[in-house]
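Step one of this worksheet: look at the structure below.
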Amino acid sequence: MFDRERYLTKGVAKEIEVEMQILLWSLVDNLQPPKDYLQVFELLKLANGSTRIVHTQEEPEYRSEISVDIEVSKERLKIFIIDSGEYSTMLLSSEY
Numbered sequence: 025m026f027d028r029e030r031y032l033t034k035g036v037a038k039e040i041e042v043e044m045q046i047l048l049w050s051l052v053d054n055l056q057p058p059k060d061y062l063q064v065f066e067l068l069k070l071a072n073g074s075t076r077i078v079h080t081q082e083e084p085e086y087r088s089e090i091s092v093d094i095e096v097s098k099e100r101l102k103i104f105i106i107d108s109g110e111y112s113t114m115l116l117s118s119e120y
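One gets our numbering by counting positions in the sequence shown from 1 and adding 24 to each.
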C-alpha cells in the first residue's frame, strides 16, 4: 500500500510547501503495516512559526503528533493521503 505512483491536487501544490509534502509522504512510508488506505494529517500553525502535525488513521487505530520547523500558510489545514490500489493521492480535505 502507498508504493505506487503518487499524485497531489492543485490545492496541495498551492497551499503546502514542497518540504512539507515530502515530510507527509515520508511519515506514511515509515508507518509500520498494517496501513489504512486513508491517512489523515492535521497541520496546526503554532505561535513560534513551527507546525504541529497530527497524523491519524482509523484501522488499525493510529495517532502520532510531531512539531516541525516548517511554516504553513493557514492556521489549520487537514490533508488526506488516499491509496486507491493503483496510485496514491495527497489532497486537501476540502477537495475530497
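Ideal placement from N, C-alpha and C gives every residue a C-beta, glycine not left out.
Just so we're clear, the structure is a prediction, and the values are computed from it rather than from any experiment.
8 Å Cβ cutoff met for residue i and residue j
| i | j | result |
| --- | --- | --- |
| Asp-60 | Gln-45 | no |
| Leu-48 | Ile-106 | no |
| Leu-94 | Glu-39 | One point to set straight first is that residue 94 is Ile, not Leu, in the sequence displayed. Not closer than 8 Å, so no. |
| Leu-70 | Ser-97 | no |
Residue i - containing beta strand (DSSP E), residue span
| i | result |
| --- | --- |
| Met-114 | 111–116 |
| Asp-107 | 100–107 |
| Val-96 | Taken as a continuous stretch (DSSP letters only), Val-96 belongs to no beta strand (DSSP E), as it is neither H nor E. |
| Glu-83 | Counting along the chain, Glu-83 falls outside any beta strand (DSSP E), and DSSP gives it neither H nor E. |
With 16 other Cβ atoms within 10 Å as the buried cut-off, status of residue i
| i | result |
| --- | --- |
| Gln-165 | There is simply no residue 165 to check, as the chain begins at 25 and stops at 120 in what is shown. |
- Query: Do the region 81–92 and the region 103–115 touch if we need at least three Cβ pairs shorter than 8 Å?
  - Reply: no
- Query: Can you give, in chain order, each stretch of the alpha helix (DSSP H) that sits fully within the region 29–74 and has at least 4 residues?
  - Reply: 34–39 and 42–54
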